[in-house]
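Some notes on the structure that comes next.
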Amino acid sequence: MSQKARTHASASSGTQPGSAIQAQSGIARDTPPSQEEIQHKPWKFIGYQGYAEFISSEDDWFILRRFGTLNVRVALALQDEISAMEKRLRELDENYSQRGSLDRHNGRFRGDVEDRRALMERISDKLYKYNAFVLQQSKLRGYPEAPNRDVNSIRNWHYNHDYVAIASEEQEYLEHDKDLICVAQKDKTPLRRLIDSSLTIRTLPIWRHKDKTAPNYDAEHVFYYSDSRMDTFASAAIAVIGVVMLITPIWVLQAMDGLKAKLGVITAFVLIFLLVLSFAMASKPFEALGATAAYAAVLMVFTQLGTPDQQVNNNG
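Be aware that the sequence shown starts at 1, since it is given in UniProt numbering, and climbs by one per residue.
As structure tokens, this is what we get:
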């Protein structure tokens with residue numbers, strides 16, 4: 001998103017006087033607001049409706065707080081409550097098992113004493129809540145941290161509306177950089193992430209989405225770009241690099257005579273191939289090493305080949 005020069009505007013709560021002015025000036029109640037009115041009172045004409053539409057227009061912008069510290073504290077509190085009930089249950093079992101206590105059947109649930117049965121019910125409810133919370137946290141911890149570029153896109157939206165379209169205290173969640181997660185972030189190859197990280201590259205006109213436009217009040221600042229085009233370009237670039245990495249060393253090795261020179265060329269191309277796999281494609285280390293070993297084996301075959309003239313000389 002691009003940025004504009006800030007204009008000073010204040011979000012006063014003068015809705016009633018504003019309505020009276022409209023009535024006196026003869027403006028119909030259902031008349032759409034002008035661009036000037038929207039810019040002057042974005043908190044009234046844009047608000048959370050416009051903000052939610054902006055956030056929902058791109059999956060990468062669905063950014064929320066993880067509340068990591070609070071979640072840990074709640075988990076510890078639940079754990080402590082269950083521990084206290086566990087201790088109380090142990091005390092009841094010990095009391096009902098003493099020689100001097102009344103003879104009670106401690107080996108069945110049916111007809112159990114009321115206090116122990118009630119405690120077990122509370123433990124069951126609390127454990128259900130605790131287990132569900134822990135499983136929820138396990139999944140929540142798996143969400144990736146929101147990239148700075150996406151957080152900055154949202155901040156730019158607030159900037160373009162002079163930080164008054166949404167109440168200032170309700171924008172503060174964006175300041176918790178390390179606690180922000182992307183709820184629906186797409187799985188992208190490293191090459192595609194490289195494109196996204198460059199403002200110049202990712203805002204090229206060739207990526208512009210023709211069928212997706214922002215509302216009038218955001219038309220100057222919000223532009224949508226086609227993910228499919230960027231993904232297609234990244235896939236095509238990877239395919240071209242792969243073909244070049246396969247064909248180029250074949251011709252180079254074919255034109256060389258010495259074994260040491262050929263081994264030097266193979267070593268160089270193997271290292272380049274490994275770097276390409278590691279940084280341009282979404283491959284795990286062992287997968288990259290396996291593919292590189294196969295690539296090296298293919299190139300080694302060409303060290304055994306020579307030109308027809310060389311083969312004739314060798315046979316002679």
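We put the CB at the ideal spot given by N, CA and C, even for glycine.
- Excluding five sequence positions before and after Ile-201, the CB atoms of its chain that fall closer than 6 Å to its own CB belong to Ile-195, given in chain order.
- In the DSSP annotation of this structure, the continuous segment of the alpha helix (DSSP H) that includes Arg-73 starts and ends at 68 to 96.
- Around Val-134, the same chain offers Ala-75 as residues with beta carbons nearer than 7 Å, after the five sequence neighbours per side are excluded.
- When rounded, the separation of the alpha-carbon atoms in Thr-267 and Thr-189 is 26 Å.
- Here the alpha carbons of Ile-247 and Thr-303 stand approximately 15 Å from one another.
- The C-alpha of Asp-187 is placed about 53 Å away from the C-alpha of Arg-110.
- The C-alpha of Ser-34 is placed about 21 Å away from the C-alpha of Phe-223.
- Within the DSSP bridge table, the entry for Arg-65 names Leu-180 as partners.
- In the pairwise beta carbon analysis, the segment 224 to 232 is classified as touching the segment 205 to 212: at least three pairs are separated by under 8 Å.
- Distance from the Cα of Gln-39 is smallest, within the candidate group Asn-160, Asn-131, Gln-171, Phe-279, for Asn-160.
- By the Cβ neighbour-count rule, Pro-32 is exposed, with fewer than 16 other Cβ atoms within 10 Å of its own.
- Secondary-structure assignment with DSSP links Arg-208 through a beta bridge to Tyr-225.
- Put simply, the segment 42 to 49 does not touch the segment 173 to 185. Fewer than three CB pairs are less than 8 Å apart.
- Linking Asn-131 to Tyr-96 through their CA atoms gives a straight-line distance of about 29 Å.
- With fewer than 16 other CB atoms across the displayed protein chains lying within 10 angstroms of its CB, Ala-239 is exposed.
- Note on geometry: alpha-carbon atoms of Pro-215 and Ser-57 lie some 11 Å from one another.
- By the neighbour-count criterion, in which a residue is buried when 16 or more other Cβ atoms sit within 10 angstroms of its Cβ, Leu-259 is exposed.
- DSSP places Glu-175 in the helix class (H, G or I) of the three-state scheme.
- CA-to-CA, the gap between Leu-140 and Ile-166 works out to about 27 Å.
- Nearest to Asn-71 by alpha-carbon distance, out of Pro-249, Glu-145, Asp-211, Gln-136, is Gln-136.
- The C-alpha of Leu-277 is placed about 48 Å away from the C-alpha of Asp-80.
- DSSP places Glu-58 in the coil class of the three-state scheme, outside both helix and strand.
- Taking C-beta atoms under 8 Å as the contact rule, Arg-192 and Met-230 qualify, at a distance of about 6 Å.
- For Ser-197, the uninterrupted alpha helix (DSSP H) segment begins and ends at 190 to 197.
- Between Leu-253 and Val-265, the CB-CB gap stays under 9 Å.
- Per DSSP, Ala-214 is not a residue of any alpha helix (DSSP H), being assigned neither H nor E.
- Across the structure, Asp-257 and Phe-286 are spaced so that their CA atoms are roughly 34 Å apart.
- No Cβ-Cβ contact shorter than 9 Å links Leu-174 with Ile-55.
- Per DSSP, Glu-169 has no beta bridge partner at all.
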